[in-house]
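For what it's worth, my numbering labels the leading residue of the sequence shown as 24, then goes sequentially.
The beta-carbon is built from N, C-alpha and C at its ideal position, and this holds for glycine as well.
As structure tokens, the structure follows; a few thoughts come after it.
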Amino acid sequence: MKFYLETYGCQMNIYDSEIICSILLKSGFIKTSNLKKADIILLNTCSIREKPEKKIFNRLIKIKCFKKKKKQLKLGIVGCLATHYKKKLFEKLKFLDLIVGPDSYKQLPEIINKLKNNKKEIDVSLAKKERYTNIIPNGVRHGLSAFISIMRGCDNLCTFCIVPYTRGREKSRNPNSILKECKLLYKKGYKEIILLGQNVDAYFWKKMKFFQLLELIAKTVPLMRIRFLTSYPSNITKNLLKVVKKYTNICKHFHLPLQSGSTRILSLMRRKYTVEEFLLIIKRIKKIIPDCSISSDIMTGFCTETQADHRETIRIMNLIKFNFSFMFKYSSRQGTYAYRKLKDNVPNSLKISRLNEIIRLQKSHSFYRLKQNIGTIQEVLIEGISKQDEKYYYGRNYKNDIIVFTKNKSKIGSYKKVKILKSTFTTLIGEIIP
Ligand code: 5AD
Ligand code: SF4
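The following block contains the structure:
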């Protein structure tokens, strides 16, 4: 039986798709990248905001046509939309055959086989223990960089966020299985590992905390670059900063979602820090690791956000000047505390105009941060040939900046010293030091 898998959403979903591939391939299913050849089409979905959700529903309508042409074709939704809407999805999408949540992928082969009886199947339970410990991800990885999920779920319950409901409570993974996966990736020729978790620095296994795990990984695969995301601001400890500073193979980049620059809004969001505390965390990071990059997630138009709150966000962004940010307008998600108890009272047009304002501001900050590299010499991992011009290579420095430089005999996957000559709004331009 041939399966076709399409992935939406965050890195965690990309990783989960690898897990799904691994499970299905092991059970004798065959992967196809041609939708028309598939016997079952699976969409690994995201429900964090309204926009990705709409995109998925539109895609499903298109895929429905294939079902009309090929009667035996099955269609399944897996991932966050499955646990968000549960069996309501069958009511909404009559042509759907399967709904499976993020903690039930091991059951997928069995569930798919049951579909042969023309029955619809659903499993959206959230297991307290599912960590996919012994499954080596497979299938959709590409490039030099690989994800490793070290914890799943989230216990923070920010009032706007659906994640704790769609992915369940925090579950950290056994460090031995993480180290085994790191070594395997190294043997396979990968150059970089990205440790993933909704709340990566909340990792906790018996007595082992995140900074201890990070140190173990850095020592186990000293020739691999290690990145990690997403960090919860108040979980950045001195111990963690010391480990990041000590090991040259740990990248000097922190993804720290601010969400809002107004303490009043942060408190309504049930974030565990005030704006002043966030600024102190940034100060502490920069004191220990001055040449690091800090990125963020910022939201506009959360419940009751006033113009004064928005100006506070602008003020804080101007103070910090993040290297880059992912920015969103707030969309109310059914099931969250904010959906039930707070008023989604900022007009959509205002959410959008505030969003556009912070996007413009962030662009200028990203440019400012990139320009700070001009004249420096940086170690770059060559990742490939530039899509714009074949005469150039592109790669990244340890801060996650993209650098483009003239191609020479150096191999893709090697580390080279590059002098930074200039900067565009998004990319650094340099030359390899002989
Ligand atoms: N509306 C808009 N953005 C959201 N995010 C999470 N939930 C919502 C929502 N309901 C954003 C947050 C989070 C990122 C992954 O997505 O900024 O950090
Ligand atoms: Fe959602 Fe907050 Fe957990 Fe991030 S920390 S996944 S925003 S609940």
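Span of the beta strand (DSSP E) holding residue i?
i: residue 40; result: First-last for residue 40: 34 to 49, but that is the alpha helix (DSSP H), not the beta strand (DSSP E).
i: residue 169; result: 168 to 172
i: residue 117; result: Neither: residue 117 is in no beta strand (DSSP E) and is coded neither H nor E.
i: residue 101; result: 97 to 102
i: residue 218; result: 215 to 219
i: residue 316; result: 316 to 323
i: residue 426; result: 425 to 429
i: residue 451; result: 451 to 455
i: residue 439; result: 438 to 446
Which two residues bound the contiguous alpha helix (DSSP H) that contains residue i?
i: residue 311; result: 298 to 311
i: residue 61; result: Careful: residue 61 lies outside any alpha helix (DSSP H) and carries neither H nor E.
i: residue 336; result: 330 to 343
i: residue 361; result: 360 to 364
i: residue 186; result: 186 to 189
i: residue 82; result: 73 to 92
i: residue 387; result: 371 to 394
i: residue 209; result: 198 to 210
i: residue 261; result: 261 to 269
i: residue 402; result: Per DSSP, residue 402 belongs to no alpha helix (DSSP H); it is in the beta strand (DSSP E), 400 to 408.
i: residue 23; result: With the chain represented from 24 up to 457, any question about residue 23 goes unanswered, as that position is not in the structure.
i: residue 289; result: 286 to 291
Is it buried or exposed, residue i, if we count other Cβ atoms within 10 angstroms and call 16 or more buried?
i: residue 256; result: buried
i: residue 95; result: exposed
i: residue 52; result: buried
i: residue 359; result: buried
i: residue 391; result: exposed
i: residue 191; result: buried
i: residue 35; result: buried
i: residue 400; result: exposed
i: residue 334; result: exposed
i: residue 299; result: exposed
i: residue 136; result: exposed
i: residue 331; result: exposed
If residue i sits next to residue j, beta carbons under 8 angstroms apart, how far is it from one beta carbon to the other, in whole angstroms?
i: residue 404; j: residue 446; result: No, residue 404 and residue 446 are not in contact; Cβ-Cβ is about 19 angstroms, not under 8 angstroms.
i: residue 228; j: residue 198; result: 6 angstroms
i: residue 38; j: residue 219; result: 6 angstroms
i: residue 325; j: residue 350; result: Between residue 350 and residue 325 the Cβ distance is about 13 angstroms, and since that is not below 8 angstroms, they are no contact.
i: residue 126; j: residue 150; result: 4 angstroms
i: residue 173; j: residue 223; result: 7 angstroms
i: residue 169; j: residue 208; result: 5 angstroms
i: residue 430; j: residue 452; result: Actually they are not in contact, since the Cβ atoms of residue 430 and residue 452 sit about 13 angstroms apart, beyond 8 angstroms.
i: residue 185; j: residue 278; result: Going by Cβ atoms, the distance from residue 185 to residue 278 rounds to 19 angstroms, so no, they are not a contact pair.
i: residue 241; j: residue 213; result: Incorrect: roughly 15 angstroms between the Cβ atoms, too far for contact.
For residue i versus residue j, is the C-beta spacing smaller than 7 angstroms?
i: residue 42; j: residue 158; result: yes
i: residue 378; j: residue 352; result: yes
i: residue 311; j: residue 264; result: yes
i: residue 119; j: residue 113; result: yes
i: residue 454; j: residue 439; result: no
i: residue 225; j: residue 262; result: no
i: residue 59; j: residue 25; result: no
i: residue 27; j: residue 55; result: yes
i: residue 128; j: residue 71; result: no
i: residue 422; j: residue 316; result: yes
i: residue 124; j: residue 147; result: yes
i: residue 272; j: residue 248; result: yes
i: residue 372; j: residue 73; result: no
i: residue 381; j: residue 321; result: yes
i: residue 336; j: residue 283; result: yes
i: residue 64; j: residue 98; result: yes
i: residue 398; j: residue 406; result: no
i: residue 31; j: residue 84; result: no
i: residue 369; j: residue 328; result: yes
i: residue 111; j: residue 145; result: no
*What residues come near ligand 2, if near means a beta carbon less than 6 angstroms from any of its heavy atoms?*
177, 179, 180, 181, 184, 186, 187, 221, 222 and 255
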